[in-house]
Amino acid sequence: MMFRVISILLAAYFVLAAGLQYNDPDPLHWMLLYLTSALTCVLAAIRKDSLPLIYASIGMASIEIAITADGFFTWLKAGNENLIVAKMSAEKPYIELGREFLGAMISLVVAIWLWYRKR
1 MMFRVISILL AAYFVLAAGL QYNDPDPLHW MLLYLTSALT CVLAAIRKDS LPLIYASIGM
61 ASIEIAITAD GFFTWLKAGN ENLIVAKMSA EKPYIELGRE FLGAMISLVV AIWLWYRKR
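So for the sequence shown, the numbering used here puts the first residue at 1; every next one is plus one.
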């Protein structure tokens, strides 16, 4: 029962994250990642896990992590602001990239968790 509750809460988080992407400069692939992550959570909650969908989530999240990693590591080295509440600006692109990196990392961790559980 606890697994189902956690899966549904994670699905709700991913749907919310997808909805917040509508005003992003590159919303489509982020919305696709988050909605795929939400679907994997819903399917896991109803015990209809799909390994191919979990593998797709892992692949999509890994690609996004690779794309945004440079910005995240720049923030680790040079950024002194809180990544979550800092205002984005053209002078500090690492803020947006760092946030995207963390979002993709959350998707990856959840997908690996679901894969491990399904295995």
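By construction, the Cβ of each residue, glycine as well, lies at the ideal position given by its N, Cα and C atoms.
Would TYR22 and SER107 be called neighbours here (beta carbons separated by less than 8 Å)?
No, the Cβ-Cβ distance between TYR22 and SER107 is not below 8 Å.
Return helix, strand or coil for LYS92, following the three-state DSSP convention.
Here LYS92 sits in strand by DSSP.
Report the start-end ranges of each alpha helix (DSSP H) in the region 15-67 that is 4 residues or longer and not cut off at the edges.
The qualifying runs are 27-45.
Neighbourhood of PHE101 by C-beta, 7 Å cutoff - its chain only, sequence neighbours within 5 removed:
Excluding positions up to five away in sequence, the list reads ILE65, THR68, ALA69, GLY71 and PHE72.
Quick check on MET2: does DSSP put it in helix, strand or coil?
Taken through DSSP and simplified to helix, strand or coil, MET2 comes out as helix.
If LEU51 sits next to LYS118, beta carbons under 8 Å apart, how far is it from one beta carbon to the other, in whole angstroms?
Separation of the CB atoms of LEU51 and LYS118 is rounded to 6 Å, and the pair is thereby assigned contact status at 8 Å.
How should GLU81 be labelled, buried or exposed, when 16 other C-beta atoms within 10 angstroms of its C-beta is the threshold for buried?
Answer is exposed; the Cβ neighbour count stays below 16.
Per-residue burial, PHE14 [other beta carbons within 10 Å of its own, 16 or more giving buried]:
With 16 or more neighbouring CB atoms inside 10 Å of its own CB, PHE14 falls in the buried class.
Is the beta carbon of ALA111 closer than 8 Å to that of ILE46?
No.
With 16 as the cutoff for other CB atoms within 10 Å, does GLU91 come out buried or exposed?
Its Cβ having fewer than 16 others within 10 Å, GLU91 is exposed.
Assign LEU2 to buried or exposed, taking buried as 16 or more other Cβ atoms, counted over all protein chains shown, within 10 Å of its Cβ.
Note on identity: in this sequence residue 2 is Met, with Leu being the wrong assignment. MET2 comes out exposed.
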